[in-house]
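In the working numbering, the protein residues as written are 36 to 618.
The C-beta atom is built at its ideal place from N, Cα and C for all residues, glycine as well.
Reading through the structure tokens given below for one structure.
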């Protein structure tokens with residue numbers, strides 16, 4: 036017994052030594068620096084909020100926070116309910132029923148992900164204007180001549196914000212729920228139907244409870260995007276915490292007060308992540324290779340058209356109608372004799388440069404973090420340290436862009452001043468060169484590259500590396516000659532997703548962009564703020580086009596492997612894990 040304990044103690048000591056050796060290796064130090072870079076803006080934000088006069092808090096609690104916090108909570112609750120109904124409902128319909136157009140809708144339901152929330156608000160504000168095309172057509176149909184006789188309720192309201200954000204963000208729920216519904220065994224639903232449950236009852240009492248972990252993930256992602264939104268909320272007249280941060284910083288030049296509001300937002304983010312964790316903490320997955328999955332029920336005639344209409348409505352409202360409006364307005368502008376302004380072409384160039392810089396940075400950092408996790412896992416049985424670094428490096432996506440920008444400003448300016456004095460540079464090289472903006476966007480979006488690369492490496496057998504090492508190849512050569520070619524599909528997909536997200540990023544760009552540096556997103560924001568739509572539609576259309584291809588590739592990667600109902604199904608855990616990593 037003593038010898039066994041001594042042997043186990045030796046294994047533990049050796050494992051700890053391997054962990055320390057990996058942590059202080061060049062790869063481990065680099066990964067730790069990347070993880071620390073993610074924590075720096077959060078820690079800086081907490082320090083900035085605490086190291087200020089508490090009179091700010093009194094003013095905020097009296098005049099700013101009550102309205103902003105109430106609006107934010109109402110918006111989050113409304114969006115959560117709407118994305119749950121639309122996302123889970125559409126996922127269930129395309130899984131349970133076979134109807135005309137089902138194959139197209141199964142991937143088209145993801146298209147609203149290519150449409151940023153502020154672009155949807157920009158489009159629908161003009162479409163639903165009292166003298167816009169929708170209300171004009173309704174008055175002509177009902178026999179009215181003037182907006183004074185008939186007009187729809189103003190979309191600039193809390194209800195309008197909830198609806199618009201809901202029809203754009205529901206794909207997060209649809210994606211995760213669809214993956215779960217596809218893999219659920221059919222005998223459970225058939226047993227429920229045999230016991231007298233209707234299709235709706237089987238959905239509410241069997242399918243939905245089983246998919247609760249996926250629902251928690253999807254809703255939390257949608258709510259994090261809601262917190263990150265600034266353009267749509269401001270366009271629609273809803274003063275949220277994000278809008279309050281921006282106006283406090285930009286309009287009143289009060290950075291400490293903006294930091295204090297950002298800390299409260301960060302608390303809200305932590306609550307959302309906690310709720311998401313508790314929503315899936317008891318999830319258990321079993322292998323379903325030998326179980327038959329759901330066989331879709333064929334619908335035709337009126338029922339088939341009704342299900343098709345219900346399922347297609349979110350796609351029409353969230354993507355097709357705004358995209359057609361932007362294309363129409365862009366065509367009208369292009370047919371004018373006045374040439375497009377030089378500022379629009381410059382903003383397109385700036386957007387491409389920003390997106391390219393962020394994408395390259397994210398791919399490099401994502402590969403470093405994921406490779407360190409893989410390398411440490413192979414060499415050591417203790418994986419808590421490397422998984423911890425991976426999770427810390429992936430925290431940026433959960434933090435809204437405004438919060439990251441405020442937290443990054445103070446340490447960024449300190450480094451900027453030090454570099455300026457060191458290089459004898461007149462100005463701030465990081466801020467004026469856009470490097471600080473690239474760093475902020477990279478912190479926020481590197482989660483995508485880390486998740487995709489880590490998922491790709493997880494699917495590769497350690498035997499490949501062992502065989503390469505036996506043939507005389509070192510670790511670096513193994514990565515470039517074995518792993519990197521096999522990771523190319525995951526890297527291309529993550530690069531496209533990061534590029535599209537960087538093209539449409541608005542909050543961080545508004546707060547950290549250099550002077551006279553405009554992107555397509557900021558041009559659209561300025562156009563909408565002025566109430567002009569001449570070149571804003573072209574900028575918005577270009578952003579949508581940049582985001583459509585990655586979404587189509589994402590849809591293809593998620594649902595092209597969905598097999599026929601009677602074919603063997605893969606393990607539910609792996610399917611859901613891959614889906615959440617791609618999201």
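When 384, 381, 436 and 431 are compared against residue 400, the one with the closest alpha-carbon:
Taking the chain shown and counting its residues from 1, one reaches residue 400 at position 365. Residue 431 is the option with its Cα nearest to residue 400.
Could you pull out every residue in the same chain whose Cβ sits closer than 6 Å to the Cβ of residue 107, ignoring the five residues on either side in sequence?
As a working note, residue 107 is residue 72 in the chain shown. The residues are 275 and 276.
Proximity to residue 308 [Cα-Cα], best of 98, 538 and 251:
Locating residue 308 in the chain shown gives position 273, counting from the first residue. Cα-wise, what sits closest to residue 308 is 251.
Per DSSP, residue 133 is paired with what?
The residue given as residue 133 occupies position 98 in the chain shown. For residue 133, which the question treats as bridged, DSSP gives the partners 333.
With residue 580 and residue 571 assumed to form a contact (beta carbons below 8 Å), what rounded beta-carbon distance in angstroms separates them?
Indexing the chain shown from 1 puts residue 580 at position 545. Indexing the chain shown from 1 puts residue 571 at position 536. Going by Cβ atoms, the distance from residue 580 to residue 571 rounds to 15 Å, so no, they are not a contact pair.
Please state if the CB of residue 266 and the CB of residue 574 are separated by a distance shorter than 9 Å.
Translated into positions along the chain shown, residue 574 becomes position 539. Translated into positions along the chain shown, residue 266 becomes position 231. Not closer than 9 Å, so no.
For residue 183 and residue 622, the rounded distance between their alpha carbons
Summary: the structure shown does not reach residue 622, with the chain confined to residues 36 through 618, and so no result is reported for it.
Is residue 509 helix, strand or coil by DSSP?
One-based indexing of the chain shown puts residue 509 at position 474. Note: residue 509 maps to coil in three-state DSSP.
Within the segment 402 to 473, ranges of the alpha helix (DSSP H) (whole runs, at least 4 residues)
419 to 428, 436 to 458 and 464 to 467
Identify which residue in 584, 569 and 136 has its Cα closest to the Cα of residue 374.
Residue numbering aside, residue 374 sits at position 339 when the chain shown is read from its first letter. The shortest C-alpha separation from residue 374 is found at 569.
Where residue 372 sits in the DSSP three-state scheme
As a working mapping, residue 372 is identified with position 337 in the chain shown. Looking at residue 372 - three-state DSSP - the assignment turns out to be coil, as it is neither helix nor strand.
I'd like to know if the segment 94 to 106 and the segment 436 to 443 are in contact, where contact means that at least 3 CB-CB pairs between them fall below 8 Å.
no
Would you kindly work out how many angstroms separate the C-alpha atoms of residue 553 and residue 386, rounded to a whole number?
Stepping through the chain shown from its first residue, residue 553 is reached at position 518. Stepping through the chain shown from its first residue, residue 386 is reached at position 351. For residue 553 and residue 386, the distance between alpha carbons rounds to 8 Å.
With burial defined as no fewer than 16 other Cβ atoms inside 10 Å of the residue's Cβ, what is the status of residue 322: buried or exposed?
Locating residue 322 in the chain shown gives position 287, counting from the first residue. Low confidence applies to residue 322: its pLDDT is 44, below 50, so where it sits in the model is not reliable, and the reading given next is rough at best. The residue in question, residue 322, is exposed, as its Cβ has fewer than 16 Cβ neighbours within 10 Å.
Local Cβ density within 10 Å of residue 70, reported as buried at 16 or more and exposed below that:
Position 35 of the chain shown, counted from the start, is the residue given in the question as residue 70. By the 10 Å Cβ count, residue 70 comes out buried.
Which residues in the same chain as residue 409 place their Cβ atom closer than 7 Å to its Cβ, once the five residues preceding and following it in sequence are excluded?
Counting from one through the chain shown, the residue named residue 409 turns up at place 374. Closer than 7 Å at the Cβ level, and outside the excluded window around residue 409, lie 492.
Measuring CA to CA, which of 577, 590 and 62 is closest to residue 384?
Here the question's residue 384 lines up with position 349 in the chain shown. The candidate whose alpha carbon is nearest that of residue 384 is 577.
What separation, rounded to the nearest whole angstrom, lies between the Cα atoms of residue 157 and residue 270?
Mapped onto the chain shown, residue 157 falls at position 122. Mapped onto the chain shown, residue 270 falls at position 235. Between residue 157 and residue 270, the C-alpha separation is close to 7 Å.
In its own chain, which residues sit with a C-beta less than 8 Å from the C-beta of residue 531, not counting the 5 before and 5 after it?
Along the chain shown, read from residue 1 onward, the residue named residue 531 stands at position 496. The answer, listed in chain order, is 584, 585 and 588.
Can you tell which of 280, 208 and 282 has its C-alpha closest to the C-alpha of residue 248?
Within the chain shown, numbered from 1, the residue matching residue 248 stands at position 213. Residue 248 has its Cα closest to that of 208, out of 280, 208 and 282.
Note down, in chain order, each residue of its chain lying with its Cβ closer than 7 Å to the Cβ of residue 513, except the 5 sequence neighbours on either side.
Indexing the chain shown from 1 puts residue 513 at position 478. For residue 513, where only same-chain residues beyond five positions count, the Cβ hits under 7 Å are 500, 503 and 504.
Enumerate in chain order the residues of its own chain whose CB-to-CB distance from residue 455 is below 7 Å, with the five nearest sequence positions on each side excluded.
Sequence index remark: in the chain shown, residue 455 carries index 420 (1-based). Counting only Cβ-Cβ distances below 7 Å, and skipping sequence neighbours, we find 462, 463 and 464.
I'd like the list of long-range same chain contacts for residue 137, defined as Cβ closer than 6 Å, with 5 residues on each side in sequence excluded.
Position 102 of the chain shown, counted from the start, is the residue given in the question as residue 137. So the qualifying residues of the chain are 129.
For residue 147, does the count of other Cβ atoms within 10 angstroms reach 16, so buried, or fall short, so exposed?
The count along the chain shown starts at 1 and reaches residue 147 at position 112. Residue 147 is buried by the Cβ-count criterion.
Report all residues from its chain with a CB closer than 8 Å to the CB of residue 443; omit the five preceding and five following residues, and keep chain order.
Numbered from 1 along the chain shown, position 408 holds the residue referred to as residue 443. Correct list, in chain order: 75, 76, 79, 471, 474, 475, 478 and 547.
Pull up the distance between the alpha-carbon of residue 268 and that of residue 115, whole angstroms please.
As a first step, residue 268 must be located in the chain shown, where it is residue number 233. As a first step, residue 115 must be located in the chain shown, where it is residue number 80. Their backbone Cα atoms lie some 16 Å apart in a straight line.
With a 10 Å radius around its C-beta and 16 neighbouring C-beta atoms as the bar for buried, classify residue 98 as buried or exposed.
Taking the chain shown and counting its residues from 1, one reaches residue 98 at position 63. So residue 98 ends up on the exposed side.
Return helix, strand or coil for residue 272, following the three-state DSSP convention.
Counting from 1 along the chain shown, the entry for residue 272 is found at position 237. Three-state DSSP puts residue 272 in coil, outside helix and strand.
Grouping DSSP H, G and I as helix and E and B as strand, with all else coil, what is residue 515?
Position 480 of the chain shown, counted from the start, is the residue given in the question as residue 515. Looking at residue 515 - three-state DSSP - the assignment turns out to be helix.
What do you get for residue 332, buried or exposed, if any count of 16 or more other CB atoms within 10 angstroms of its CB means buried?
Position 297 of the chain shown, counting from 1, holds the residue named residue 332. Residue 332 comes out exposed.
If you run the structure through DSSP and keep just helix, strand and coil, what is residue 290?
For the purposes of this step, residue 290 is taken as residue 255 along the chain shown, with counting starting at 1. Residue 290 falls in the helix class under three-state DSSP.
Can you have a look at residue 415 and say buried or exposed, based on whether 16 or more other CB atoms are within 10 angstroms of its CB?
For the purposes of this step, residue 415 is identified with residue 380 of the chain shown, where counting begins at 1. With a pLDDT of 45 at residue 415, under the threshold of 50, the predicted position of this residue should be treated as unreliable, though the coordinate-derived value follows. Counting Cβ neighbours within 10 Å, residue 415 comes out buried, since at least 16 surround it.
Could you compute how far the alpha carbon of residue 498 sits from the alpha carbon of residue 67?
Here residue 498 corresponds to residue number 463 of the chain shown, with the count starting at 1. Here residue 67 corresponds to residue number 32 of the chain shown, with the count starting at 1. If I take the Cα positions, the gap works out to 27 Å.
Alpha carbon to alpha carbon, how far is residue 60 from residue 510? Give it in angstroms, no decimals.
As a first step, residue 510 is located in the chain shown; it is residue number 475 there, counting from the start. As a first step, residue 60 is located in the chain shown; it is residue number 25 there, counting from the start. Their Cα atoms are separated by approximately 13 Å.
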